[in-house]
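Okay, structure first, notes after.
In this note's numbering, the protein residues as written are 70 to 138.
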């Protein structure tokens with residue numbers, strides 16, 4: 070028996086979802102007192118922003134041209 074993958078049509082772009090995740094993590098961190106939980110939320114925000122930046126770099130036209138070679 071084969072398992073079916075859960076497929077989901079995304080209505081929001083990947084870059085927008087990353088930005089929303091970063092904003093949500095920063096907003097949550099603002100509500101927390103200083104401590105490990107707050108640091109974890111700030112780390113998640115930085116990770117989402119870094120992923121958005123990497124996605125932007127990889128989506129650049131020069132990278133698309135290099136991938137076609």
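By construction, the Cβ of each residue, glycine as well, lies at the ideal position given by its N, Cα and C atoms.
Everything numeric in this text was worked out from a predicted model, so none of it was measured.
Here residue 131 carries a helix assignment [DSSP, helix/strand/coil]. In the DSSP assignment, residue 99 falls within the unbroken alpha helix (DSSP H) covering 83-100. Contact between the stretch 121-128 and the stretch 102-112 is absent: fewer than three C-beta pairs spanning the two stretches fall below 8 Å.
Around the C-beta of residue 129, fewer than 16 other C-beta atoms lie within 10 Å, and the residue is accordingly described as exposed. Annotated three-state conformation of residue 119 is helix, per DSSP.
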